[in-house]
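Student: The structure's right below; bear with me while I get my questions together.
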Amino acid sequence: MSTPVPSTSSPISLPQEELKADSYLSDLLRQCEAARVVFRTEITGWLQELRQIAAYGVAQQKLPQKKDEDWRFTDLSELLAIQFQAAGKVSVDPEAIAGLQLPEAAQSRLVFVNGFYAPELSDVSGLPTGVFVGNLADLPTKQSYEIVKYLGQQEGAKEVFTALNTAGLGDVAIVWAGENVVVEKPLHLLFLTAVEKDPILTQPRTLVVAEKSSSLQIVEHYAAIPTPGCTDFPQNRPYFTNAVTEIWLEENAEVNHTRNQRESGDGFQIGKTAIAQARASRYTCNEINLGAKLSRHNLEVYQTGEQTETRLNGLTMVDGEQLSDTHSAIALTKPFGSTDQLHKCILGDRSRAVFNGKVFVPREAQQTNAAQLNRNLLLSNKARVDTKPELQITADNVKCSHGATVSQLEPEEVFYLRSRGLNEADARHLLIDAFAAEILERIPVESLRYRLSQCVACRTD
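Under my numbering, the first residue of the sequence shown carries the number 70, and numbering increases by one thereafter.
Here it is in structure tokens:
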């Protein structure tokens with residue numbers, strides 16, 4: 070492990086003759102430079118080097134296109150038609166976000182606006198000793214020197230959008246639980262965008278470190294500052310959120326992670342969540358995608374030790390012209406690991422969803438148990454889903470299964486409910502709500518579970 074050395078922050082400079090990125094990507098890179106902040110002394114040198122390497126990696130790449138297999142079903146042309154400017158720091162009235170706060174996390178809440186830490190909106194006074202929840206600039210000295218093992222070190226860090234986020238690294242939400250620390254309260258990480266008339270770019274970043282035998286419960290929430298009326302409706306104020314979250318679980322650690330993507334109807338979001346699990350660790354992700362005009366979430370799990378457990382639960386509900394893409398990859402590399410994934414999509418009107426789930430079981434991962442299922446409910450003849458579950462197995466003593474279903478509401482089920490006194494609309498709503506409830510009921514925070522249930526019910530009215 071190298072030790073960060075103090076140095077003065079300097080602009081990102083790249084050898085122009087080696088740049089290969091297209092002009093759009095180059096412009097985004099310049100915006101990253103415009104949004105950079107000055108780090109604290111202890112880690113300035115190492116972080117500047119990290120940003121510089123990432124910027125150079127971005128400059129060597131091009132934005133993905135539909136001819137790229139992993140982006141075959143997600144067209145970025147609408148995003149590329151908009152020129153984004155780096156978002157600035159703004160002040161927000163606490164009353165404006167009161168409706169987004171969770172009562173269970175009243176004293177364990179961290180808020181970022183436009184990617185900048187907002188201490189006046191945050192409150193972490195209710196946390197026990199042994200856990201740090203705050204901004205990178207406030208990280209204790211001990212963890213500052215250890216952060217070089219974690220920040221920007223996950224597999225897939227060179228992927229173009231992830232590297233773009235690292236190149237513009239500024240404020241970072243840090244959750245760091247020490248050995249044997251158990252945090253009972255949910256930790257609410259709230260990332261907000263103050264939508265402006267001109268299109269803006271924000272790049273939230275999160276790092277979670279759960280040391281040996283620690284236990285955490287995290288709610289990661291992306292949204293726009295609420296405006297009058299439902300934010301689902303486009304207001305011709307586009308913005309782009311490029312988010313990255315890195316989670317490290319050491320031996321016997323446990324993290325229950327809820328990711329709620331609720332961007333406004335004009336928002337674009339590209340998100341990456343990368344998880345590394347050591348021996349006997351347990352990770353659960355409850356992923357909810359309801360917002361954004363176009364969203365893409367890359368969820369990547371790397372089991373690096375024996376007897377690890379991974380649970381992935383997902384619900385995507387889109388309508389109108391929305392497009393939501395979920396790409397997951399789970400790599401089991403040691404024996405006795407297990408993974409269980411259930412991802413559901415509900416699609417109305419002309420919306421589209423994409424699901425691509427990969428599970429890798431190499432020869433070393435003997436006696437593992439992997440299950441994956443993608444279920445899709447189409448509420449309109451014009452809605453479309455592209456689903457592609459994948460299993461790549463070379464081990465010979467494993468239990469693995471995967472599958473996908475695409476269906477519409479069954480007329481017999483609607484008829485049965487109508488025969489019990491419900492009208493047509495109520496019967497349909499009851500069936501849709503029940504389809505979503507299987508995922509929502511797995512969210513451990515009661516108030517959030519209730520709000521999301523209300524939101525699903527509202528969309529089916």
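Note that CB positions come from ideal geometry on N, CA and C, so glycine has one too.
For K533, which three-state DSSP category applies?
Tutor: For the chain, the structure presents residues 70 to 530; residue 533 sits outside this window and is missing.
Student: So, using beta-carbon positions, are L256 and V244 closer together than 9 Å?
Tutor: On the sequence shown, residue 256 is found 187 positions in, with the first residue counted as 1. On the sequence shown, residue 244 is found 175 positions in, with the first residue counted as 1. Yes, the pair counts as a contact, with Cβ atoms nearer than the cut-off.
Student: State buried or exposed for L149, treating a residue as buried only when at least 16 other CB atoms are found within 10 Å of its CB.
Tutor: What you label residue 149 is simply residue 80 of the sequence shown in a count that begins at 1. Result: exposed.
Student: I need the DSSP call for K218, collapsed to helix, strand or coil.
Tutor: Walking along the sequence shown from the start, residue 218 turns up at place 149. DSSP places K218 in helix when its eight states are reduced to three.
Student: Since K227 and F185 should fall inside the 8 Å C-beta cutoff, what is the C-beta to C-beta distance between them, to a whole number of angstroms?
Tutor: Residue 227 sits at position 158 when you count from the first residue of the sequence shown. Residue 185 sits at position 116 when you count from the first residue of the sequence shown. Rounded, the Cβ-Cβ distance is 26 Å, inconsistent with contact.
Student: For A124, is the classification buried or exposed, using 16 other Cβ atoms within 10 angstroms of its Cβ as the cut-off for buried?
Tutor: Here residue 124 corresponds to residue number 55 of the sequence shown, with the count starting at 1. Classification for A124: buried.
Student: Under 9 Å between the Cβ atoms of S407 and A439?
Tutor: Sequence index remark: in the sequence shown, residue 407 carries index 338 (1-based). Sequence index remark: in the sequence shown, residue 439 carries index 370 (1-based). Yes, they are a contact pair.
Student: So the alpha helix (DSSP H) V454 belongs to, where does it begin and stop?
Tutor: The residue labelled residue 454 in the question sits at position 385 within the sequence shown. Here V454 belongs to no alpha helix (DSSP H); instead the beta strand (DSSP E) covers R453 to I462.
Student: Quick one: any contact between the segment 244-253 and the segment 340-350, if contact means 3 or more CB pairs under 8 Å?
Tutor: No, because fewer than three Cβ pairs between the segment 244-253 and the segment 340-350 fall closer than 8 Å, the two stretches do not touch.
Student: Residue ranges of each alpha helix (DSSP H) run of no fewer than 4 residues wholly in the segment 444-519, ordered along the chain?
Tutor: Entirely contained in the segment 444-519, the alpha helix (DSSP H) runs reaching 4 residues are, in chain order, 480-488 and 493-509.
Student: At the level of alpha carbons, what is the spacing between G114 and K254?
Tutor: Sequence index remark: in the sequence shown, residue 114 carries index 45 (1-based). Sequence index remark: in the sequence shown, residue 254 carries index 185 (1-based). Cα-Cα distance, rounded: 35 Å.
Student: On the DSSP bridge list, what partners appear for L532?
Tutor: Because the chain is modelled from 70 through 530, residue 532 falls outside the range shown and cannot be assessed.
Student: Around the C-beta of I237, are 16 or more other C-beta atoms found within 10 angstroms, so that it is buried, or is it exposed?
Tutor: Counting from 1 along the sequence shown, the entry for residue 237 is found at position 168. Here residue 237 turns out to be Gly, not Ile, going by the sequence shown. The residue is buried, with at least 16 neighbouring Cβ atoms inside 10 Å.
Student: Identify the residues that DSSP records as bridge partners of I316: which are they?
Tutor: In the sequence shown, counting from the first residue as 1, residue 316 sits at position 247. BP columns for I316 point to V277 and I344.
Student: Less than 9 Å between the C-beta atoms of L259 and L196, yes or no?
Tutor: Here residue 259 refers to the residue found at position 190 of the sequence shown. Here residue 196 refers to the residue found at position 127 of the sequence shown. No.
Student: At the level of alpha carbons, what is the spacing between A292 and Q272?
Tutor: Numbered from its first residue, the sequence shown carries residue 292 at position 223. Numbered from its first residue, the sequence shown carries residue 272 at position 203. Each residue's alpha carbon lies about 13 Å from the other.
Student: So who's on the other strand from V202, going by DSSP bridges?
Tutor: The residue given as residue 202 occupies position 133 in the sequence shown. DSSP output for V202 lists V244 as bridge partner(s).
Student: Do you know whose CA, among K451, P404, L381 and G426, lies nearest E390's CA?
Tutor: In the sequence shown, residue 390 corresponds to position 321, counting from 1. The shortest Cα separation from E390 among K451, P404, L381 and G426 belongs to K451.
Student: With DSSP run on the structure shown, which of helix, strand or coil describes A187?
Tutor: Counting from one through the sequence shown, the residue named residue 187 turns up at place 118. If DSSP states are grouped into helix, strand and coil, A187 belongs with coil.
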